[in-house]
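Residue numbers (our numbering), protein chains in the order written: chain A, 976 to 1267; chain B, 27 to 263. Glycine included, every Cβ here is placed at the ideal spot set by N, Cα and C. Since we're looking at a predicted model, the values are computed, not measured.
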């Protein structure tokens, strides 16, 4: 029983990271109808920047905040420079753009910081959380930061005017322009926020997976699985999907014979395929109610 | 009477296809003007061109200021509220959020709150349903919501594209009654595009008839309604 509880809690902790990645993917998908394959690499690069800042002597939380700000600006810049010109281009052109971005960021990180694995600090420590052997303080910190982030985002989208404008721009762009919303900038803002959310995910998972240019590859696949499971049209679904995938991954690795650590990743891919076959809209994918 | 909107030699294009062929008309401050014509005559395109939602050439002036080459969202800030065909409802959001979106360019939060209450007084059904998803409203209710959302801008000019479309005749009467009231009491100038010519002419004071992208007739709404020849050849009733 203790093993089970332990695995579930650990699953929630990594699930928090998947939830962040899924949320970042869904935010961009909502804004421009494309999956950002480079989301993980962007998060990895942000994490390297925070690491670099710490190497230069900036304290953890200052580096954390500074990295969020830089990532936000970088996300907006990427949208303005690369994807705004592609807005009306065919799907495949956009896919090529995302793959190019993936390769550019991945190689640049390797070039600047090389491919050796680096230790990444945690501000929470790795002692048992509250004296319990079930979960470490870092895992608890991952869950805590994610919950705070989600609450903040919920508040932002539900109760601020700019959040309302962003939702409007994503759901019916033409109507949004007709009430005076600059939809183009709302998309850029979405990119900035998604990039910052990815940065949080990267900085929280880095102490677990260690810092290197390919650290987010697996994480992003879990994030995609989470987004597909929850429904690509539903930010809420993406978050729930993230936690579910985290728990499922751990339980499958522990209890299904022969899966172990090596086959965890294929399980995420199998999950994507199963969801697409059985329930393509995902668990919370929106069934838009319409009356004519 | 001062001219609020002046359109001169408007030509609009969908790709290679020209939809408007040098259309000119003007609209007086405080007036309720209707743009009539058959399917495909260019009524919707005219409204879309005013808001720069379609490629066009020619001069469009609002209160003497040129609107050409401005983005749709910046034209809204001049006080032009456009209710598009199909109503443009944010169907996944609540009724109240739709109203707030109508006022998204305004800065006076107290005024917005009181205007939402004013809309609920105009359209009591919206108050009953204010937390409901807008997509679940009936067609008539959605049209009320669209008009209310446009009014939340406190517009100088409201552009309405086929407000009667798909609505029961009784609901249309209701809606047109409210439009007349808004025009008289709130001093909002209205340009309404309609296929239901009879009803539109009853409501409007000024009318233009479009055929294949050109104005073919203009004048006082009553005169046009009483002129049997025009009615038979252009308006089909």
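For residue i, report the span of its alpha helix (DSSP H) as first-last.
i                       : result
residue 200 of chain B  : 195 to 211
residue 19 of chain B   : Absent from the structure is residue 19 of chain B, since the part of chain B shown begins at 27 and ends at 263.
residue 1203 of chain A : 1191 to 1205
residue 32 of chain B   : Careful: residue 32 of chain B lies outside any alpha helix (DSSP H), inside the beta strand (DSSP E) at 29 to 40.
residue 264 of chain B  : Residue 264 of chain B lies beyond the residue range present for chain B, which begins at 27 and ends at 263; the question has no answer from this structure.
residue 1225 of chain A : 1210 to 1230
residue 1165 of chain A : 1158 to 1184
residue 71 of chain B   : 69 to 76
residue 1234 of chain A : Note, residue 1234 of chain A: premise wrong, no alpha helix (DSSP H); not H, not E.
residue 172 of chain B  : 165 to 177
residue 224 of chain B  : 223 to 229
residue 1250 of chain A : 1239 to 1253
residue 1152 of chain A : 1148 to 1153
Applying the 10 Å Cβ sphere with the 16-neighbour rule, what's the burial state of residue i?
i                       : result
residue 222 of chain B  : buried
residue 154 of chain B  : exposed
residue 976 of chain A  : exposed
residue 1039 of chain A : buried
residue 1074 of chain A : exposed
residue 69 of chain B   : buried
residue 1137 of chain A : exposed
residue 1142 of chain A : buried
residue 985 of chain A  : buried
residue 210 of chain B  : exposed
residue 1263 of chain A : Because the pLDDT at residue 1263 of chain A is just 48, under 50, the model does not fix this residue reliably, and the point stays unresolved.
residue 1130 of chain A : exposed
residue 1134 of chain A : exposed
residue 73 of chain B   : buried
residue 150 of chain B  : exposed
residue 213 of chain B  : exposed
residue 1233 of chain A : exposed
residue 167 of chain B  : buried
residue 232 of chain B  : buried
residue 1156 of chain A : buried
residue 141 of chain B  : buried
residue 1267 of chain A : Residue placement at residue 1267 of chain A is poorly supported in this model, since its pLDDT is 49, which falls under 50; the coordinates are not used for a value here.
residue 248 of chain B  : exposed
residue 1032 of chain A : exposed
residue 1124 of chain A : buried
residue 1036 of chain A : exposed
residue 1060 of chain A : exposed
residue 1064 of chain A : exposed
residue 35 of chain B   : exposed
residue 979 of chain A  : exposed
residue 266 of chain B  : The structure shown does not extend to residue 266 of chain B, since chain B is modelled only from 27 to 263, so the question has no answer here.
Round the Cβ separation of residue i and residue j to the nearest angstrom and send it over; I've been treating them as touching at under 8 Å.
i                       : j                       : result
residue 156 of chain B  : residue 121 of chain B  : 5 Å
residue 1121 of chain A : residue 994 of chain A  : 6 Å
residue 38 of chain B   : residue 46 of chain B   : 4 Å
residue 1214 of chain A : residue 997 of chain A  : 7 Å
residue 1000 of chain A : residue 1198 of chain A : 6 Å
Please state whether the Cβ-Cβ distance between residue i and residue j is less than 9 Å.
i                       : j                       : result
residue 131 of chain B  : residue 96 of chain B   : no
residue 1016 of chain A : residue 1191 of chain A : yes
residue 1201 of chain A : residue 1226 of chain A : no
residue 182 of chain B  : residue 106 of chain B  : yes
residue 1083 of chain A : residue 1167 of chain A : no
residue 981 of chain A  : residue 1109 of chain A : yes
residue 1221 of chain A : residue 1206 of chain A : no
residue 1228 of chain A : residue 1242 of chain A : yes
residue 62 of chain B   : residue 216 of chain B  : no
residue 237 of chain B  : residue 129 of chain B  : no
residue 170 of chain B  : residue 201 of chain B  : yes
residue 1079 of chain A : residue 1163 of chain A : no
residue 225 of chain B  : residue 199 of chain B  : yes
residue 126 of chain B  : residue 1244 of chain A : no
residue 1112 of chain A : residue 1102 of chain A : yes
residue 218 of chain B  : residue 261 of chain B  : no
residue 1022 of chain A : residue 1186 of chain A : yes
residue 1104 of chain A : residue 1115 of chain A : yes
residue 60 of chain B   : residue 230 of chain B  : yes
residue 1179 of chain A : residue 992 of chain A  : yes
Would you mind reading off the limits of the beta strand (DSSP E) that contains residue i?
i                      : result
residue 241 of chain B : 240 to 246
residue 82 of chain B  : 81 to 88
residue 234 of chain B : 232 to 237
residue 60 of chain B  : 58 to 62
residue 51 of chain B  : 43 to 54
Taking 8 Å as the cut-off, does the CB of residue i come closer than this to any heavy atom belonging to the ligand COA?
i                     : result
residue 64 of chain B : Of the ligands one can find in the structure shown there are none, so the ligand COA has no counterpart to examine.
Q. Hey, which unbroken runs of the beta strand (DSSP E) at 3 residues or more fall wholly within the segment 978 to 1043 of chain A?
A. For the segment 978 to 1043 of chain A, not a single whole beta strand (DSSP E) run of length 3 or above is found.
Q) What are the start and end residues of each continuous alpha helix (DSSP H) run of 4 or more residues lying completely inside the segment 86 to 149 of chain B, in chain order? A) Counting only runs of 4+ residues, the alpha helix (DSSP H) found wholly inside the segment 86 to 149 of chain B occupies 98 to 102, 121 to 128, 135 to 148, in chain order.
**Q.** Every unbroken alpha helix (DSSP H) inside the segment 1053 to 1141 of chain A [4 residues or more]
**A.** Positions of the alpha helix (DSSP H) runs, each at least 4 residues long and wholly inside the segment 1053 to 1141 of chain A, are given as 1066 to 1088, 1112 to 1134 in order along the chain.
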